[in-house]
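Below is one structure, written out as C-alpha cells, with a few remarks after it.
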Amino acid sequence: MFLLSVLQGIPEALPLNPIARWEWVFPVVESIHICGFTLLVGTVVILDLRLLGVFLRSQPVSRLARELAPWIWAGIVIQLTTGPYLFSADPHEYVQIAAFRNKMLFLLAALIFHFTVIRKATAPAEASMPLGWRKPAACVSLGLWLCVLLAGLWIGNL
Amino acid sequence: MSLLSFCEWLGQTSWSRVLREAPYPFPVLIIIHIVTIALFGGIVVLSNLRVLGLAMRSVPVSQVIGQFRPWKWTAFGILLVSGTLLAMSDPLEYYGNIMFWISLALLAIAGVNAMIFRFGVYRSVAAWDDARETPPGARRWAGVSLILWITLVFVGRAIAFF
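Top to bottom, those sequences are chains A and B. Sequential numbering of the first sequence, starting at 379, is according to the numbering used here. Sequential numbering of the second sequence, starting at 7, is according to the numbering used here.
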C-alpha cells in the first residue's frame, strides 16, 4: 500500500519535523486547526440553517450559497493543511486510534455530501432538488459535521 | 474573602467534587462547550466578515447581525454556563493558570469592543446597510474583533498546555 509506505517513511523524517521537535508547535498548529474548523463548519452550518429556514429567509438560498462558497473553500484549505501536519506528529499512533479513523470517514462523508446533495439543494431554482428535500438534506449535513467534531474531540481522549 | 480562599472553598463544594470526580459530567460539558464554540465562532466570524465587506455582500449588514443575534446570544449563554461549570471543576487549578486569566481578559475586551461597535458606528447602519464599501470605522471594529476572537482560541487552547 502506497499510503502505508508513506507513513513508514515519516518516522525517519520525524526528528527534523518541527512538530516532533518542540512541544509548543502542536498546540499552536492545533489552535489554527480549531480556527479553521470554526470558519469551515460555521459557514456550512449557516448555510444549513438557511436551508432549514431558521434565518435570512428573505435571501435566496442559491445566492447565499454562492457568496459563502469562498469561505468554505478557505476553511477546507486550512483544515487539509493543518490536519495532516498534526497527523505527522505521530502517524503510527493515530492510525491505531478508532476515533481518528472514524473522523476521517465522517469527514469524507461530510465533504461528499456537501459537494453533491447540499450543492444540489442550494443550486438555482431550475437545477435544484424538490423543496421538500432541502430540510432533510440540511439535517444530514449538520449531523455529519457534528460527528466530525465529536470524533475529533475523541482523538485527544477529551 | 480573597479570591484564593473563595476558590479553595468552591473546590470543596459537592458540585465541584462531582464535576471533578464523576466520569461523565466533565467530558459532556467539554463537548457541549466546544460544539457551541463552533456555532458561536461561526456566527461571529461571518458577522465580522460581512462588516468587513468580505462575505454575504448581497445581504444587508443589519439583516446579518439582526438575524444572527438570537443564535449568538443563545450560544453565548450556553458557553457561559458550561464554561463556568468547567472552571468550577477545579478552581484552584484555573486560579493558578495565567492563560485562564488572559482568556477571561480577552473575553472582556471582546465584549467591550462589541459594545463600542453596537452603540457607536452601528447606530448609523441604515446609511451603509447596502453599501459595497462599509465605513472604515466599522471595518476597523470588525478587524479588531476577528483578531481578538482568534487570539482567544490560541489562549484558550493554551490553558490546557500550561
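Ideal Cβ placement from N, Cα and C applies to all residues, glycine included.
- Listed in chain order, the non-local C-beta contacts of I454 of chain A below 8 Å within the same chain comprise L418 and L489, local neighbours out to five positions each way being set aside.
- In terms of CA proximity to G47 of chain B, B:I84 leads the group B:I84, B:A93, B:D136 and B:A164.
- Residues of chain A whose Cβ lies closer than 9 Å to the Cβ of V159 of chain B are, in chain order, S409, I410, I412, C413 and T416.
- Distance from the CA of S53 of chain B to the CA of V70 of chain B, rounded to the nearest whole angstrom, comes to 7 Å.
- At a cut-off of 7 Å, the C-beta of V150 of chain B has no neighbouring C-beta in chain A.
- Under a criterion of Cβ atoms nearer than 7 Å, the residues of chain B adjacent to Q437 of chain A are, in order, V65.
- In this structure, DSSP gives S20 of chain B a helical state, which the three-state scheme calls helix.
- In the DSSP assignment, E401 of chain A falls outside any alpha helix (DSSP H), carrying neither H nor E.
- The three-state secondary structure of A137 of chain B, taken from DSSP, is coil.
- Contact between L35 of chain B and L110 of chain B fails: their C-beta atoms lie close to 18 Å from each other, not under 8 Å.
- At a cut-off of 7 Å between C-beta atoms, G420 of chain A counts as an interface residue with respect to chain B.
- Within chain B, the residues placing a beta-carbon under 7 Å from that of P405 of chain A are R163, A164 and F167, ordered along the chain.
- In this structure, V51 of chain B sits away from G510 of chain A, with a CB-CB distance that is not shorter than 7 Å.
- Closest by C-alpha distance to A398 of chain A, out of A:K481, A:I533 and A:D468, is A:D468.
- A residue is called buried when at least 16 other Cβ atoms come within 10 angstroms of its Cβ; C413 of chain A meets this threshold and is buried.
- For F433 of chain A, the chain B residues whose Cβ falls inside 8 Å of its Cβ are Q73, F74 and W77, in order along the chain.
- Proximity to V67 of chain B across B:M121, B:P142, B:D135 and B:E99 peaks at B:D135, based on C-alpha coordinates.
- Residues P141, G143, A144 and W147 of the same chain have their beta carbon placed closer than 8 Å to that of V127 of chain B, with the five preceding and five following residues left out of the count.
- Take the alpha-carbon of L520 of chain A and the one of L55 of chain B: they are about 22 Å apart.
- Distance check between I533 of chain A and each of B:K78, B:I37 and B:L10 places B:I37 closest, using alpha-carbon atoms only.
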